[in-house]
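Reviewing the structure listed below.
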Amino acid sequence: MSISILESCKKRKRRPKLFGFQTFGDPGSPINPTGPFRENIRIFLQQCAEIEDYRIQEMPIWCTLLVHENKSFVVPLYTIEEDVKLSPKPYCDQCRCSGWSNHFVSKRKYHIVIPLDDRWNKRLDDGGFDLDDQTHLLHGLIHCNGFGHLLCVNGIEGGSKFLCGREVMDLWDRICTNLRTRKITVEDLSKKRSMDLRLLHGVAYGHPWFGRWGYRFCRGSFGVKEHHYSRALEILSSLELDKIMHEVDYSDRGREVKQIIRHYRNLSETQLITLKDLLKFMLTVKYVSAIEKKTVQPIAKSPPPCRQSLQRNKQQSLVKEKQIRYRKFATAISNMDSRWPARRLEYAAEVIVKALEEKKSDKFSHGGNGMTRQDVRDAARLHIGDTGLLDYVLKSLNNVIVGNQIVRRAVNPKTRILEYTIHELRNGIQLTEEQESTENSEPTVTPGKDIYNDVLCIYRSIFLDYPESEMVELATQGVLDSKHFAKEWPLQDEEEHLLTFIIKLMPRLTFTHTDLELKSDFMPSGEVVVLPLHTTIGEVKEAAEKALRDTYYVTEQFEVLAIENLENYEDREVIFGAVESGAELFVKGMGIDLDTPLKYQGGVGTWKVRCECGTGDDDGERMVACDICEIWQHTRCCGIDDADNVPLLFVCAACCDSLGQLKI
């Protein structure tokens with residue numbers, strides 16, 4: 001339920017400030033800060049937000065009301081300040097998985113949240129609100145040093161009735177730019193009708209969906225590097241359509257793929273040569289409703305033979321029923337050329353049937369006993385993480401016997417959506433009431449009628465089931481293993497009356513009693529300070545000290561005693577002319593707290609990662625530790641399927657070889 005402007009004002013003790021949704025965060029709107037993020041966020045909360053009279057988990061909350069200029073509803077934008085020392089999760093999992101384990105633990109985190117529509121007119125502490133909930137329309141987390149993470153974005157398809165995902169992303173990007181964040185990461189797991197958008201958009205546009213806002217490759221899983229990712233996109237993007245049409249000739253969807261390619265080639269004013277050309281054109285056409293309507297007409301004039309036979313079958317079914325033949329799933333897969341072993345395929349089929357059985361036994365469920373493909377897939381994903389395996393099995397489940405159930409897929413005449421259903425066997429014979437040929441008929445592809453269905457057909461046929469091509473399979477996996485993307489904002493140094501410096505610690509703190517060292521890649525980002533033009537060197541030291549103390553626990557008592565290469569200057573001398581604005585300043589001092597557990601975002605653990613794929617740090621993927629050497633490796637790289645539990649005792653290949661040599 002949306003909040004009207006009148007209602008939003010009534011709920012406040014004093015008349016609240018209202019800001020325009022579509023202009024909020026533009027330069028000078030609502031503020032024009034010139035300092036670093038840690039200072040700008042405080043100005044933002046003072047001038048653009050109203051503190052709430054309640055807290056969540058002892059964290060203060062501010063609310064900013066944004067009026068949508070075109071639709072006249074009010075969107076609440078909440079900012080929640082988290083004191084890291086009081087937090088149950090002081091370390092940042094997102095930093096660790098993004099390759100920032102060596103970042104210092106910052107003192108404060110700021111959560112920027114727009115809840116789902118139905119919570120807009122409720123207090124956040126009114127039950128049901130969860131900061132870790134992935135259904136928020138927006139949830140961004142920014143550390144007080146300006147580094148952060150976009151945790152979730154949802155629009156119309158994510159449950160909103162008022163805001164689309166692009167509007168939310170535009171707002172987020174403007175806020176980050178206005179407050180001068182340093183770098184923001186996002187783990188891209190977004191999907192569209194079961195298609196991974198980082199793969200679909202990567203091939204079509206050369207970057208993920210988030211790439212529209214400047215997010216680029218940050219870190220790959222399973223040892224994937226940026227050049228691997230770029231090469232994988234290049235391989236997939238450059239696949240020639242003529243070659244695809246030839247190679248899919250004998251595949252299950254060969255005819256449909258050829259129909260789709262021919263249709264969009266005829267529709268396009270420019271020549272479509274590669275897969276990139278095709279997907280980019282298809283994703284562009286979907287926005288043009290006028291073109292989409294025209295696409296249905298030429299196809300209707302000369303329907304394919306299978307469509308004509310479908311119409312005849314519908315008429316014949318009114319006169320007599322057609323005998324349907326069923327096969328056991330185990331028999332069906334024996335004739336398939338699959339990269340998965342038969343036991344994995346059978347297990348996946350059993351999981352799917354179990355989900356269908358639960359749906360059928362639910363007396364309170366709506367929409368009958370059938371489940372859409374997406375619903376079945378989502379239910380099965382709770383037990384099986386390999387989406388490629390699920391897609392392959394779902395494609396094969398029609399008129400097959402799994403256990404004592406017959407699995408069928410047919411179009412629901414009411415919703416016109418393909419659904420999966422199960423039917424019990426009685427002495428090996430199905431109930432006669434379920435043997436109507438109309439339900440058995442699978443819809444044929446009508447190119448142009450539903451563009452996303454066309455895209456889905458191409459997606460499955462090329463990325464999930466391309467015939468006899470290890471190169472395409474490896475390239476697809478390489479793109480799917482690239483989930484972490486980031487946007488970095490350049491340091492702004494445009495004000496002539498201000499100086500901007502990046503403060504970094506010297507690797508060897510020579511002013512401490514012992515020559516303790518920080519990590520070799522210590523403080524990789526540095527802290528930004530913005531100072532007046534005629535600031536003295538002594539004032540720079542004070543500003544650097546204040547910034548470090550305000551931002552990190554490890555430097556809470558740090559005292560700056562010198563700046564590298566400026567040791568011969570007096571503190572009263574101005575720094576202008578000695579160092580250019582925008583330069584890095586390495587400071588020396590004393591008071592670093594190397595004993596605090598709140599030192600690095602990676603935590604205090606000493607566990608090691610060394611996997612055969614080349615990964616040397618936690619990348620967020622499932623891992624297992626060897627019980628002998630205690631080194632962590634990916635379960636996937638060790639041959640443990642996602643559906644299998646980690647064994648109670650695990651010995652890595654290297655230790656197995658060592659044990660074997662000892663026996664000899």
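Just so you know, we're using full-length UniProt numbering here: the sequence shown kicks off at 1 and counts up by one.
Every residue gets a Cβ at the ideal spot worked out from N, C-alpha and C, and that includes glycine.
The structure displayed is predicted, hence computed values, not measured ones.
Rounded Cβ spacing between residue i and residue j (contact assumed at less than 8 Å)
i      : j      : result
Ser160 : Tyr552 : Not confirmed; about 37 Å, so no contact.
Leu233 : Tyr459 : Actually they are not in contact, since the Cβ atoms of Leu233 and Tyr459 sit about 15 Å apart, beyond 8 Å.
Glu527 : Asn145 : 7 Å
Ile261 : Met282 : About 10 Å; that fails the 8 Å criterion.
Leu66  : Phe37  : No, Leu66 and Phe37 are not in contact; Cβ-Cβ is about 21 Å, not under 8 Å.
Glu82  : His484 : In fact, because the Cβ distance is near 22 Å, the residues do not count as touching under 8 Å.
Asn154 : Leu137 : 5 Å
Leu239 : Leu275 : 4 Å
Ile575 : Thr635 : With 8 Å as the limit, Ile575 and Thr635 do not qualify as a contact, their Cβ atoms being about 53 Å apart.
Ala330 : Ser396 : In fact, because the Cβ distance is near 11 Å, the residues do not count as touching under 8 Å.
Leu548 : Leu499 : Actually they do not touch by this definition, with Cβ atoms about 18 Å apart.
Pro447 : Gln259 : 5 Å
Gln94  : His139 : In fact, because the Cβ distance is near 11 Å, the residues do not count as touching under 8 Å.
Tyr54  : Asp118 : Actually they are not in contact, since the Cβ atoms of Tyr54 and Asp118 sit about 19 Å apart, beyond 8 Å.
Asp406 : Leu425 : Checking the displayed sequence, the identity of residue 406 turns out to be Ile instead of Asp. Right, the Cβ-Cβ distance comes to about 6 Å (below 8 Å), so this counts as a contact.
Arg373 : Tyr420 : 7 Å
Phe147 : Arg96  : That pair is no contact at about 13 Å.
Closest Cα partner of residue i within the set the options
i           : options                           : result
Trp632      : Lys280, Glu527, Arg610 and Lys546 : Arg610
Lys354      : Asp375, Pro76, Thr185 and His68   : Asp375
Met59       : Arg265, Val402, Gly220 and Tyr110 : Tyr110
Leu141      : Ile175, Asn121 and Ile156         : Ile175
Leu45       : Trp607, Leu77, Asp26 and Val67    : Leu77
Lys192      : His149, Val455 and Gly603         : Val455
Gln47       : Asn32, Tyr54 and Asp465           : Asn32
Glu612      : Pro490, Gly577, Leu585 and Cys652 : Cys652
Glu496      : Leu531, Ile462, Asp465 and Asn399 : Leu531
Asp132      : His143, Arg123, Val113 and Phe147 : Val113
His227      : Ser482, Phe162 and Arg377         : Ser482
Ile80       : Phe210, Thr177, Gly370 and Ile56  : Ile56
Trp172      : Phe210, Ile156, Arg198 and Leu197 : Phe210
Lys599      : Pro90, Tyr326 and His263          : Pro90
Leu241      : Asp249, Ile235, Leu272 and Gln601 : Leu272
Asp619      : Asp277, Glu573 and Lys225         : Lys225
Arg343      : Val393, His207 and Cys626         : Val393
Met195      : Asn453, Met623 and Arg327         : Asn453
residue 694 : Val529, Glu167, Arg96 and Thr64   : In this structure the chain extends from 1 to 664, so residue 694 is not present and cannot be described.
Tyr466      : Arg253, Phe586 and Glu488         : Arg253
Tyr347      : Arg182, Glu470 and Gly403         : Gly403
Glu39       : Cys63, His68 and Arg108           : Arg108
His423      : Gly582, Glu357, Gly639 and Glu470 : Glu357
Same chain, Cβ closer than 7 Å to residue i, five either side skipped, listed in chain order
i      : result
Gln492 : Arg180
Gly614 : Gly223
Val351 : Ala380, His383 and Ile384
Leu561 : Phe511, Lys588, Gly589 and Met590
Leu151 : His139, Gly140 and Leu141
Leu345 : Ile333, Ser338 and Val393
Asp26  : Arg174
Paired residues, beta bridge with residue i - DSSP
i      : result
His149 : Leu141 and Thr185
Val587 : Leu505 and Ile563
Gln633 : Val624
Phe217 : Phe485
Cys63  : Glu50 and Tyr78
Lys109 : Glu82 and His143
Gln271 : Answer by DSSP bridge pairing: none, since Gln271 is not bridged.
Ala410 : Glu419
Close beta carbons around residue i, own chain, < 8 Å, minus the five adjacent residues each side
i      : result
Val319 : Note that Val319 has pLDDT 33, beneath the 50 cutoff, so the model's placement of it is unreliable and the number below is only indicative. Cβ neighbours of Val319 beyond the five flanking positions: none.
Ile429 : Bear in mind that the predicted position of Ile429 carries a pLDDT of just 47, short of 50, making it too unreliable to give a figure here.
Tyr229 : Phe217, Gly220, Gly478, Val479 and Ser482
Asp521 : Only weak support is given to the placement of Asp521: the predicted model assigns it a pLDDT of 49, under 50, and the value that follows is read from those uncertain coordinates. The residues are Asn102.
Sequence-distant residues of the same chain with beta carbon closer than 6 Å to residue i, five excluded per side
i      : result
Leu464 : Gly388 and Asp391
Ile156 : Cys164
Pro30  : Phe19 and Cys48
Thr476 : Phe463
Cys637 : Cys611, Glu612 and Cys613
- Are there three or more Cβ pairs, one per stretch, closer than 8 Å when the segment 530–542 is compared with the segment 493–504? yes
Taking contact to mean at least 3 C-beta pairs separated by less than 8 Å, is the segment 556–572 in contact with the segment 583–594?
-> yes
Is the segment 205–225 touching the segment 597–608 in the sense that three or more CB pairs, one from each, lie closer than 8 Å?
No, they do not touch.
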